[in-house]
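The block underneath contains the structure these notes are about, expressed in structure tokens.
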Amino acid sequence: MNTLRSKPMIIFYLKLRHNNLAKLPSYIFLGLDIRHLTVHNSTLAVIEDSSLSSIGNKLTQLDVSQNKLATIPTSSFTHLNHLLILNMNHNKVTAVHNKAFLGLDTLEILTLYENRISVVDGEAFKGLEKKLKRLNLGGNELTAVPQKALALLENLKKLEMQENRITSISEGDFAGLRSLDSLGLAHNQLRDVPAQVFSHLNFLNSLELEGNLIQRIDEKAFVGLEENLQYLRLGDNRLHEIPSEALRPLHRLRHLDLRSNNITYISEDAFTGYGDSITFLNLQKNMNPLEPIEMIGITLRYLGSGNSINDLHFKFKRGRATISRTISSVCQAIWKYVRPQYLEEITVEKLQNIALDFDLKANFPHCFGAIDGKHIRLIKPDKSGSLFYNYKNYFSIVLLAVVDSNYKFVFFDVGAYGKESDSTIFRNSTLYKLLMRNELPLPDPQPLGNDHNNEPPIPYVLVGDEAFGLSKHVMRPYGGSNLNVKQRVYNYRLSRARRYVECAFGIMANKWRILHRPIDTSYDLTINIAKACCVLHNFVIQHDGLKQQDNMAISRFPQLRPHSSEESLAENFIRDQFANYFMSPEGALPWQLKKI
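FYI, in full-length UniProt numbering the residues of the sequence shown are 1 to 596.
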């Protein structure tokens, strides 16, 4: 900087790119006459209050994109009274608070694309009313239009809010934007376009709504746009017909994009009233619906590869909404048509066979399944607070499952909040209620050994870890650190049986790699995806058995953590009977004492 100061000259462009400049210290540019300043793709996280004050009267363009700014450095900007363009793209800003840009009276272009903004206060853009012409809030985490903040910007020409999470728009959201020429709402989560939602935008020329989930457009949706709207993009949505009634008043419309919808029929009067002005019409990928085999291929690729919907959009050259709908339809079909054959109805005979297999393979008698929960990552649903945030520090739903000794699912429940414990989810499950009401078709209790005259009858049980409470039909480890030999042997034997559910989860995730990352769909579709993976897991196990790569997912026996809880005498008695049996000549294993 000293070298630059020694030469009195105007610096039209000063670019500091690809460096480790974490902070702009105070008066760093003192003595310099800079017009365009770029600090790009660096580690910049702090702009001190006086760092830009010495160039404030001359600086017209500031680019601090692709850095690590977590807040708007309001105090640093107050001196920039000639600034025209401010670029803060690709930072880590989460909120735009009141009067964040106060002092930037001359600012014409403000771009905040690809931050993490979820909050925009009502007076966030206070001070920008006179000059601001273009505002980019795209690529953030907005769930609604920040109506109060935008209402101040009466001279704004272009507003970009694409690639957010906006689920709905309503009349009044754009009130105050009376000069707006272009509005971008593409790639959000809009499901419909209600009446008169754009009625205040009389000068709007271009409207981008592609890449949403729009199924319905009200007949009066475009009221107020009749005289100026020329470009309307509705591609990659879920429309089943051309919204002719809504479009008829748009007699100046020139460009209409309806590609990648579900339009299969065009009526004779579909373009009456507005068709004469259209010079560009795109109806591609409507009349060519996906073949069933392609739908299955897309879904299996999504589930098996872990590719995102965006990846499949490019690979299969289908719209993102089409890909999402396809996955949803196929997962529902798997549940409806494949499940009955591969997730069979629970009967006494079925549970008896499972118990015999567990006794044969895991040496644990009277066991009709191993139970545990698995967290399935998902993108945080809107307005869900911390409901889905689990103890592993990510957002998830829980798959609670019972498996047999062939690693196949016998029962599962999916969709519970990630913050809930396995025991809580189990108590709320259908299986638990059936057990408590004695409505599950269990085999009759019988003695564990062959001495039916002197041994008490023992009920059939599930085996679970220390997260589950001990009950008549659920066996868990002995808790505490001062366990005797009999109790430690019991814990080892229970661990041998319980490992089947842990291994089943590993095998399934190894096969269906969508389970390795946050699922990029809605909450409801995430549940359907998880259910489909469970059914397909059983399908593969039944037809192909275990492969070498599946065996890699089978880990060592888990270590049991000490735990104590209040347990009833009857439940303790049942557990003690198992422990006694495992130490008896009939029930003991030759190697068990070496494993404890």
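The C-beta atom is built at its ideal place from N, Cα and C for all residues, glycine as well.
Given the structure is predicted, the values throughout are model-derived calculations rather than measurements.
Select from E123, Y13 and G139 the residue whose C-alpha is nearest the C-alpha of Q147. For Q147, the closest alpha carbon among the candidates E123, Y13 and G139 is that of E123.
Excluding the five sequence neighbours on either side, which residues of its own chain have a C-beta within less than 6 Å of the C-beta of A553, listed in chain order? Residue confidence is low: A553 scores 48 on pLDDT, short of 50, so the model does not pin down where it sits. No coordinate-derived value is stated.
Which value, in whole angstroms, describes the spacing of the CA atoms of D218 and Y13? 50 Å
Using DSSP with H/G/I as helix, E/B as strand and the rest coil, what is E245? helix
Option nearest P381 by Cα separation, candidates L107, I397 and P194: I397
Determine the extent of the alpha helix (DSSP H) in which Q147 is found, giving its start and end residues. Counting along the chain, the alpha helix (DSSP H) containing Q147 begins and ends at Q147 to L150.
In the DSSP assignment, find the unbroken alpha helix (DSSP H) run with F368 in it and report its ends. Unbroken run through F368 is the beta strand (DSSP E), C367 to R377; no alpha helix (DSSP H).
Could you tell me the alpha carbon to alpha carbon distance between S305 and A321, rounded to whole angstroms? 19 Å
In the DSSP assignment, find the unbroken beta strand (DSSP E) run with residue 597 in it and report its ends. Because the chain in this structure spans residues 1 to 596, residue 597 falls outside the shown range and cannot be described.
Taking the straight line between their C-alpha atoms, what separation do you get for E210 and N353? Their backbone Cα atoms lie some 54 Å apart in a straight line.
Count the other CB atoms within 10 Å of the CB of R17; is the residue buried (16 or more) or exposed (fewer)? Counting C-beta atoms within 10 angstroms of its own C-beta, R17 has fewer than 16 neighbours from the protein chains shown and is therefore classed as exposed.
Under 8 Å by Cβ, that's how I've got L234 and D257 pegged, so tell me the actual separation to the nearest angstrom. 6 Å
Determine the contact status of L128 and L159, defining contact as a CB-CB distance below 8 Å. no
Once the 5 residues before and after A45 are set aside, which same chain residues still bring their CB inside 8 Å of it? A22, K23, N67, K68, L69 and A70
In three-state DSSP terms, what is A401? strand
Those runs of the alpha helix (DSSP H) which lie wholly inside the region 429-498 and span at least 4 residues: 430-436
Could you check if N307 is buried or exposed, using at least 16 other CB atoms within 10 Å of its CB as the buried criterion? buried
What's the gap between the Cα of N91 and the Cα of T43? Going by the C-alpha atoms only, they are around 10 Å apart.
Buried or exposed: which applies to K15, given that a residue is buried once 16 or more other Cβ atoms fall within 10 Å of its Cβ? exposed
Decide if R498 is buried, meaning its Cβ has at least 16 other Cβ atoms within 10 Å, or exposed. buried
Within this structure, are the beta carbons of N89 and S65 separated by less than 8 Å? yes
In the DSSP assignment, find the alpha helix (DSSP H) that holds R233 and state where it starts and stops. No alpha helix (DSSP H) holds R233; the beta strand (DSSP E) holding it covers Y231 to R233.
Classify Q162: buried if its beta carbon has 16 or more other beta carbons within 10 angstroms, exposed otherwise. buried
Start and end of the alpha helix (DSSP H) containing T326? R320 to A333
Backbone secondary structure at H79 - three-state DSSP: coil
Three Cβ pairs or more, each shorter than 8 Å: is that satisfied between the region 316-333 and the region 415-430? no
What would DSSP say about T424, mapped onto helix, strand or coil? helix
For R17, list the residues DSSP reports as bridge partners. H40
What is the C-beta distance between I208 and L229, in whole angstroms, given that I count them as a contact (C-beta under 8 Å)? First, the amino acid is wrong: residue 208 is Glu here, not Ile. 12 Å between Cβ atoms; not a contact.
D218 - DSSP class collapsed to helix/strand/coil: coil
Just how far apart, CA to CA, sit L378 and F395? 6 Å
Minimum length 4: unbroken alpha helix (DSSP H) runs contained in the region 80-155: 147-150
Take R178 and list the residues in its own chain whose beta-carbon comes closer than 8 Å to its own, dropping the five residues that flank it on each side. Excluding positions up to five away in sequence, the list reads E154, H200, L201, N202 and F203.
With DSSP as the reference, identify every bridge partner of V46, one or two as the case may be. K23
With H, G and I counted as helix, E and B as strand and the rest as coil, what does DSSP make of F12? strand
M295 versus G480, I85, A416 and I334, residue with shortest Cα-Cα distance: I334
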